[in-house]
Structures are given as C-alpha cells and as structure tokens.
Amino acid sequence: MFSPRLKRPALGLVLALAIAGCANENDLTAPQPAGQDQVAPGGLIAVDAPTADAHRFRSRRAKYPLQLGNTWKYVAHVTIEVLGEDDPGLPEEIIRTTKSEITGAANMFGQCYTVEERSITEDISPGEIFKQRVFYRQDHSGLYEATLPVIGPDGMAARAAGPDRIEQQLATLEHGQAWVRTHRALQERIVQMRALRGGAVARFGGNQGGPIGDELTRLDYPLHWGKSWVVVDDAFRMTATVEHLKLLRLPIGRRPAWAVRLESDLFGPEDDVVTYYGREGYLGWQVTVFSDVVNDTGEVIGSLRFVDVEMLQDVEIDRRGELACGN
C-alpha cells in the first residue's frame with residue numbers, strides 16, 4: 009500500500025447503500041443521557057464494555073423495534089484519500105444525514121413486511137434528497153430484509169451528484185482516467201455490498217423461522233459473543249460475526265453495543281466493516297475500503313481509500329407502540 013502524499017476526503021451517499029439496514033433492541037441497563045462523554049464530530053469511540061454487561065445484554069426476547077412512528081437520525085462523516093498522487097482538490101469532508109422512520113406495512117409475496125422510509129442528504133449536494141424504502145420481516149429467529157430496492161427519481165439524482173463532482177476532480181490527476189475508472193468500479197463494489205439484487209422473491213417457506221427465499225439475514229437472534237451467521241449466500245457471500253460488547257460514545261451519550269463484523273468476497277484484504285447494535289437498534293458503523301489504481305500498462309500507480317463513520321444522533325422509540333405487522 010502506498011504512503012499517502014496527500015490526505016484529502018470525499019464520497020458519501022454510495023457508502024450509505026453499502027451497509028445500511030437493521031437494528032436490534034436489547035434489555036440492558038439504562039443508557040447514559042446525552043451530555044455525558046459525548047463524542048467529537050467525525051469520531052466514534054468504542055471501548056470494551058465490562059464482561060458482566062455481556063450477560064445482561066443477551067436476551068432471547070430482544071427484537072428490532074418495529075413499532076410505527078419509531079424514528080432515528082444519523083450523521084456520517086465520509087472521507088476519501090488519494091494515495092500516491094498529488095492533491096486533486098477534493099472536498100475535505102462530506103457530511104451525510106439520514107432520517108429513518110417506521111411508516112407502515114407492505115404485503116408482498118404472501119408476507120407482511122414492515123416499511124422503513126429513509127431520507128438521505130449530503131452537504132455537498134444542497135437540496136438533493138435520496139429516498140429509500142426498506143422492507144423488514146421479523147420472527148423469533150431474526151430480522152430479515154426483502155431484496156427489493158425502491159429508488160425514486162429524486163434519489164437517483166442525489167446518488168449521482170457527489171460521485172460526478174469527485175470524478176471531475178480525479179480526472180485532473182496524472183493518469184486521470186485510471187483514477188476515474190477505479191472510482192466507478194469501487195462505487196459498484198460498494199453498492200454490491202448491499203446485496204440488493206432486485207426482482208421478486210420466488211421461494212417461501214413455512215413458519216419454521218429463518219430467511220425466506222432471497223431475503224437477507226440482518227440479525228440472527230439472540231445476539232451474543234461469537235455468534236455468526238450468513239447475511240446473504242450468493243455470488244457475493246456475506247457473513248456477520250458478533251465480536252465484542254463495546255461501550256460507544258455517541259452524540260446522544262454513551263451506549264453499550266455489540267460490534268458485528270461483516271466479511272464478504274467483495275472485500276479486499278485491507279477492507280474493514282464493523283456495525284454496532286444496541287438498545288435503540290442500529291447505532292452506527294465504521295467502514296474502510298481500499299481500491300488500487302492501475303494504469304493502461306497494468307502498473308499500480310496509487311490507491312483510493314474511503315472511510316465512512318456513521319453514528320446515531322437522535323432517536324424516538326416507543327416500545328409499547330403498535331407494530332406494523334404484529335411481530
């Protein structure tokens with residue numbers, strides 16, 4: 009890997025498609041209120057939680073809070089570093105904001121799915137809003153997601169705004185087209201991480217629990233240290249492993265959370281993807297993805313490094329509220 013001749017950031021919205029999804033509610037001691045050990049903007053501090061907390065954190069009754077009206081707000085700090093070339097004048101940082109809400113239910117293929125609607129914005133594209141709908145199904149065995157992407161025209165415009173601007177700046181580098189090609193290929197790889205393949209779910213099982221048809225397994229209940237499962241098993245197999253119980257310092261205060269590492273054939277040897285789940289559900293992630301840049305003669309001339317750190321900023325959950333699908 010090249011030593012960086014410059015450290016300049018960028019990219020954003022595409023990474024939101026990479027790992028977004030899911031959350032998990034657990035019975036644990038009450039979280040610390042906002043204002044205590046708050047994290048600085050752009051940072052996510054995770055330290056090991058006491059071993060005793062891991063036993064209290066495990067619960068077979070724990071489920072993702074799918075009550076109607078539950079809302080989450082996340083802030084993400086996204087950077088790109090060009091390693092091995094001069095400064096192309098990329099933005100220093102992209103700030104991404106995501107607002108999610110449980111809005112209703114959708115009956116598809118004989119199943120009831122809970123609908124989560126998301127609105128995603130980036131500071132480098134004022135006025136552009138990416139709209140996304142996610143379809144969840146939950147039973148005693150886990151949280152599952154239908155592989156049906158729903159993207160409106162406004163969302164498509166927002167998704168393209170950031171990358172187009174970045175590509176214009178990468179094109180000014182020596183071997184600019186090689187950098188642009190690498191950037192586009194990396195975007196495609198990140199989108200594939202999301203494992204959204206479109207089309208109808210063809211196969212459905214009974215009431216035994218577990219994924220149905222082409223669903224993604226977002227969480228496999230109960231979560232505990234060492235738990236591992238297959239998120240999706242296709243050409244780009246992805247697995248998840250619960251590594252540690254961490255104590256996160258978030259904008260809303262301290263929160264205990266399971267650190268869940270994602271691994272896939274899509275990832276390179278230096279890529280690192282860790283997501284966090286706690287009392288309020290999905291609490292954030294830390295993503296680092298590398299891609300080498302190769303010129304027309306096949307020589308590696310540099311690399312791109314994307315870093316995406318997302319954190320829960322605000323949340324409103326009513327665990328006694330009405331469930332969209334009654335589960």
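The sequence shown begins at 9 in this note's numbering and counts up by one.
In this text, a Cβ means the ideal position worked out from N, Cα and C, and glycines have one as well.
Counted within 10 angstroms of its Cβ, other Cβ atoms place residue i as buried (16 or more) or exposed
i, result
"N115", "exposed"
"V323", "buried"
"D273", "exposed"
"H148", "exposed"
"P230", "buried"
Enclosing beta strand (DSSP E) for residue i [first to last residue]
i, result
"P264", "G261 to S272"
"S149", "No beta strand (DSSP E) holds S149; DSSP gives it neither H nor E."
"H252", "M246 to L258"
"H85", "T79 to L91"
"Q75", "Neither: Q75 is in no beta strand (DSSP E) and is coded neither H nor E."
"D316", "V308 to E324"
Cβ distance (whole Å) where residue i is taken to contact residue j below 8 Å
i, j, result
"G286", "P264", "6 Å"
"T155", "L224", "6 Å"
"I309", "A186", "7 Å"
"D326", "G77", "7 Å"
"R173", "I132", "7 Å"
"E93", "E182", "7 Å"
C-beta atoms of residue i and residue j nearer than 8 Å
i, j, result
"Q195", "I260", "no"
"L258", "Y72", "no"
"G292", "E318", "yes"
"R145", "Q119", "yes"
"A332", "L74", "yes"
"D338", "V301", "Outside the displayed range of the chain (9 to 335) lies residue 338, so it cannot be described from this structure."
"S311", "L151", "no"
"F138", "V123", "no"
Of the residues the options, the one placed nearest residue i, counting alpha carbons only
i, options, result
"P277", "A179, R313, D94 and R262", "R313"
"H252", "L331, G234 and V188", "G234"
"E2", "T87, V86, I103 and K81", "The shown model of the chain, from 9 to 335, leaves out residue 2, and the question about it has no answer."
"D279", "R269, L270 and F298", "F298"
"R269", "L256, W237 and D241", "W237"
"E100", "V86, T111, G92 and D94", "V86"
"P96", "E175, D241 and I103", "E175"
"A84", "L98, I102 and G92", "I102"
"I88", "T106, Q177, E307 and P134", "Q177"
"P219", "T105, V281, Y121 and G334", "Y121"
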